[in-house]
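Numbering (my numbering), first residue to last: 98 to 326.
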C-alpha cells in the first residue's frame, strides 16, 4: 500500500486571509465607520458651531476627535498598528493641522478636501520606485499569522514580477484623484457641516468600490500561479 501524496497547499490571494468573507460583518464595519467618521463629526460640529464666532475652525478641530477615537479603539482591538492605520493617522494629522492653519472654516474645508492629492502623489511615487503600496497592504492581510500562506503569496508576487500590484496601485492613484476632485467640488458648493457628512459617505463608497475591484483583479491574476495538483 503506497502512501498518499501530500496535498499541495493552495496559493493564497489578496482575497483570502485565512477566513471566509462575511458580507454582514463587512456591512457592520462599514456602517460603524460611517457613524464614527461621518455622522458623529457632523453632529458635534452642528452642536458646537453656534457657540463660536462665524468661520471659526475650533468646532472642526473638535470634530476630529471621533476619527482619532476610532483609530485608537481599532488599535486596542487588534493589538497592532497596520498600514491602513498609518494612512488614517496621516489623514487625521493633516486635517487637524490644516484646520488650525486655515484663516476660517471654509478654507479649512477646502484644504481638507485636497488631502487626497498628497496621498495619490505618494502612492504614484512609491509605485514608480518599485514599491506599490497595494502590495504592502495586501501582504498585511494575506496569511496573517500564517507564515506558510504568506510565503506562498510572496512567491506568487515574485513570479508575477510585481506587475499585478503595480497595476492595482496605479488604479488606486486614479481613483483617489477622482475622489479628491469630487471632495473639492463638494467643499466649494456645500456648507462645512454638510461636507463632513456627505464626503464621508462619498469616500466610503469609492474606497469600497476600489477594494472590491482590487480583490477581484488580484485574485484572478495571481490564480495563474496556483500550484498545479
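All C-beta atoms in this analysis are idealised placements derived from N, C-alpha and C, irrespective of residue type, glycine included.
For residue i, the first and last residue of its enclosing alpha helix (DSSP H)
i	result
residue 320	No alpha helix (DSSP H) contains residue 320, which DSSP labels as neither H nor E.
residue 132	Neither: residue 132 is in no alpha helix (DSSP H) and is coded neither H nor E.
residue 137	137-145
residue 150	Residue 150 -> no alpha helix (DSSP H), and no H or E assigned at all.
residue 228	Residue 228 -> no alpha helix (DSSP H), and no H or E assigned at all.
residue 261	260-286
residue 210	202-210
residue 158	155-160
Other residues of its chain near residue i: CB distance less than 7 Å, five sequence neighbours each side excluded
i	result
residue 156	142, 145, 146 and 149
residue 287	295
residue 205	154, 157, 195, 196 and 199
residue 303	272 and 276
Outcome for residue i when other beta-carbon atoms lying within 10 angstroms are tallied against a minimum of 16
i	result
residue 275	exposed
residue 198	exposed
residue 260	exposed
residue 217	buried
residue 226	exposed
residue 289	buried
residue 209	buried
residue 272	buried
residue 169	exposed
residue 284	buried
residue 311	buried
residue 91	No statement about residue 91 is possible, as the shown extent of the chain runs from 98 to 326 and does not include it.
residue 245	exposed
residue 309	exposed
Contacting residues, own chain, Cβ-Cβ under 8 Å from residue i (five flanking each side not counted)
i	result
residue 193	158 and 161
residue 191	209, 212 and 215
residue 163	133, 134, 137, 138 and 141
residue 322	108, 252, 253, 256 and 257
Nonlocal neighbours in the same chain, by C-beta distance under 6 Å from residue i, ignoring five residues either side
i	result
residue 229	262, 263 and 266
residue 140	none
residue 165	189
residue 223	230
residue 232	262
residue 207	284
residue 119	Here residue 119 scores only 46 on pLDDT, less than 50, and its place in the model should not be relied on; the value that follows carries that caveat. Excluding sequence neighbours, residue 119 sits near nothing in its chain.
Inter-residue CB distance, residue i and residue j (contact presumed, cutoff 8 Å)
i	j	result
residue 280	residue 299	7 Å
residue 270	residue 220	5 Å
beta-carbon residue i near the ligand ZN non-hydrogen atom, thresh 7 Å
i	result
residue 214	This structure lacks the ligand ZN, and indeed carries no ligand of any kind.
- Item | Cβ pair count under 8 Å reaching 3, the region 290-298 against the region 251-261 | Not touching, per the Cβ criterion.
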